[in-house]
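So the number in the working numbering is just where the residue sits in the sequence shown, counting from 1, plus 1008. We treat Cβ as the ideally placed atom computed from N, Cα and C, and that holds for glycine. To start, the structure under review is shown below, and the notes come after it.
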Amino acid sequence: MASGKLSPRQKMINLMYLIFIAMLAMNMSKQVLSAFGYMNEKLTDNNVTTSIKNSATLQNLATKSQEQPEKYAALYEKAKKVDVLSKKFNDYLESKKTYFLSKVDNPKDYEEMDNANIGTEYFFKGDGVTKAGQEFLDQIKNYKNEIVNLVGKNSPLASTIKKRFDTSPQKSADGMEPWLMNRYEGFPLISYVTNFTSLQSDIKTTQSEIYGNLLGGQLESDVSMSNYQTILIPEKSAFFQGENFKGKIVLGRYDSSLKPSEVIVNGKPITKIEGGGAILDFPAGAVGEREVKGKFVFMENGKPVEIPINGSYAVIPKPNSAVISADKMNVVYRGVPNPMTISIPGIPDNLVTARGMGLKRAKGIGKYIMTPGKGKEVKISVSGKLPNGQTVSTSQKFRIKGIPSPRGTIRKQDGYVKMPKTSLTKSTVGAALLDFDFDLKLKTTAFTIKVPGQSAVVVRGNRMNAQAKKAIAKAKRGDVITIFDIKSSLVGNSTYKIKNASAVSIEIQ
């Protein structure tokens, strides 16, 4: 521009243009240095934020490893190793930054950090690298390899980490060039500091991704469908024949490694935990619906979290004998208290009501007394209230029969009896209900005695009167005396009329 046939004025103008372009270039270089510095500041701020987040995540893992060691202890140990490796590499990079920044008067004056000789002389020697340069490369490679080994070579993170800390030869205008030379040789001092901060940012990012992967992997395992099982929840604990079954089926997560810090059921602690569940073993209790109340307690982030337990179950009478009944044998006897047991399976006694003519409650669960009156049959109606409030009712008819005819007895012997006549005069005439299910006492009120050749004698009471004794005295050996028309009454119920007892025959010896 300043040569050739140009006027002195044009030459001066051209020279001024050259000076102006040089000044622009110098100004642009200063702006680039400032840009590196501002980028370094931003990366440093981001590193502080990420470090706080990583520390919180690591502390969270530490807490969970104490609360649920089966699930988180191994993850926490791996996270601690990542933290140690990352801190070691980060501290090394920080020491390099401190060294390079010590070479300038004001670390914040980025436009003055244009010296390219400091970094080049520190890392490079001729066509090779210095001991410090090789150490820098080894630090990067060692961190990369150890972190990849921790996360696993087949982990999705492995390829990302390898690429992030790759130090393989790079493409340049002259072909392939060593990574350190391509990224650092001849660069101004501020670029070294910014690159170190960028590597520290890569370390923080790697930590964050690994921690997230560890927790995310456990979370994915927790919510995996293979950890779920179907749970049938009936509307109530027992159903009766003829009802519709009502309930629902839900999916519940099953985690054998999950252990609560405390389980309380019906006011008592449960210590037996197997397969993620509390094992219950206690008396079922009385017949009826029984409640199961309590709580599961888990530690979460150092604080107890309670999950309430609300359930119920039904206790029904235990079958201890077969039910055998003879057809047409539903019989109650008039004039006597007939003991009965009335209950409805699955309903407690206090919710059962029984009604019938002559029916009254007695002492004991389900115990009643039936004392029938007039008529040929009596109807007993029974109702009970189910746990859901519904009422069930049933009824049954019983035939009413009178007390069978007793058998006449002499000295408690019936039928045909042999004795001396002297013994007969002292004997008591009785009436007995043989083979009758009720233990009833009868009192003889009258009877008739007939001695062969003598007139029949009617006696009041149960012992021979003077007239009967006189007739017996005239009997001969071999004579058969008959006692008949034996009348009696129920002890304790004189209003009921007992049929006459059968006759008894006495052979005189």
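For GLU1075, same chain residues with a beta-carbon under 6 Å away, outside a window of 5 residues either side, are MET1307 in chain order. Residue pairing by DSSP puts VAL1273 in a beta bridge opposite LYS1276, GLY1302. Residue range 1187–1192 is occupied by the alpha helix (DSSP H) that includes TYR1192, with no beta strand (DSSP E) assigned at that position. When C-alpha distances from GLN1517 are compared across ILE1480, LEU1069, VAL1112, GLY1372, the shortest belongs to ILE1480. Burial of LEU1367 is indicated by the presence of at least 16 other C-beta atoms within 10 angstroms of its C-beta. In the structure shown, ARG1407 falls within a strand segment according to DSSP collapsed to helix, strand and coil.
Minimum Cα-Cα distance from GLU1297 among the listed residues PRO1277, ALA1322, VAL1273 corresponds to ALA1322. In the DSSP secondary-structure assignment, LYS1133 is bridged to GLY1136. In the structure shown, LEU1450 adopts extended strand secondary structure according to DSSP, grouped into three states.
Relative to SER1389, the option among PRO1347, ASN1157, VAL1400 whose CA is nearest is VAL1400. In the displayed model, ILE1516 falls within a strand according to three-state DSSP. A check of alpha carbon separations from ALA1509 across VAL1459, VAL1499, PRO1412 identifies PRO1412 as the nearest.
In the structure shown, ASP1422 adopts extended strand secondary structure according to DSSP, grouped into three states. Listed in chain order, the non-local C-beta contacts of ASN1318 below 7 Å within the same chain comprise LYS1301, local neighbours out to five positions each way being set aside.
Counting along the chain, the unbroken alpha helix (DSSP H) around TYR1100 starts and ends at 1077–1109.
Distance between ASP1493 and PRO1428, taken at the CA atoms: about 22 Å. Contact check for ILE1272 against LYS1303 passes: the beta carbons are separated by less than 7 Å. Taking a contact to require three or more Cβ pairs closer than 8 Å, the segment 1204–1221 and the segment 1162–1170 qualify as touching. Here PRO1077 is exposed, its C-beta having fewer than 16 other C-beta atoms within 10 Å.
Positions of the alpha helix (DSSP H) runs, each at least 4 residues long and wholly inside the segment 1462–1516, are given as 1474–1481 in order along the chain.
Ranked by Cα distance from ARG1415, the first of ARG1369, SER1496, LEU1359, MET1378 is SER1496. Here the alpha carbon of GLU1282 sits roughly 24 Å from the alpha carbon of TYR1084. Between LYS1152 and ILE1169, the beta carbon gap of about 6 Å places them in contact (Cβ cut-off 8 Å).
Counting along the chain, LEU1367 sits inside the beta strand (DSSP E) bounded by residues 1367–1369.
For VAL1437, the number of other beta carbons within 10 angstroms of its own is at least 16, and it is reported as buried.
Under the three-state reduction of DSSP, ALA1166 is assigned to helix. Collapsing the DSSP output to three states places ARG1172 in a helix. Annotation for THR1379: no alpha helix (DSSP H) segment contains it, and DSSP assigns it neither H nor E.
Around the CB of ASP1422, 16 or more other CB atoms lie within 10 Å, so the residue is classed as buried. Taking each of ILE1418, LYS1426, ARG1363 in turn and checking the Cα distance to PHE1406, the smallest one comes out for ARG1363.
When rounded, the separation of the alpha-carbon atoms in ARG1419 and PHE1455 is 15 Å. When secondary structure is reduced to three states using DSSP, ALA1292 falls in the coil class, being assigned neither helix nor strand. Burial of PRO1380 is indicated by the presence of at least 16 other C-beta atoms within 10 angstroms of its C-beta. VAL1305 and ALA1070 have their C-alpha atoms spaced approximately 19 Å apart. SER1320 has GLU1299 as its beta-bridge partners, per DSSP. Boundaries of the alpha helix (DSSP H) harbouring THR1430: 1429–1434, taken from the DSSP string.
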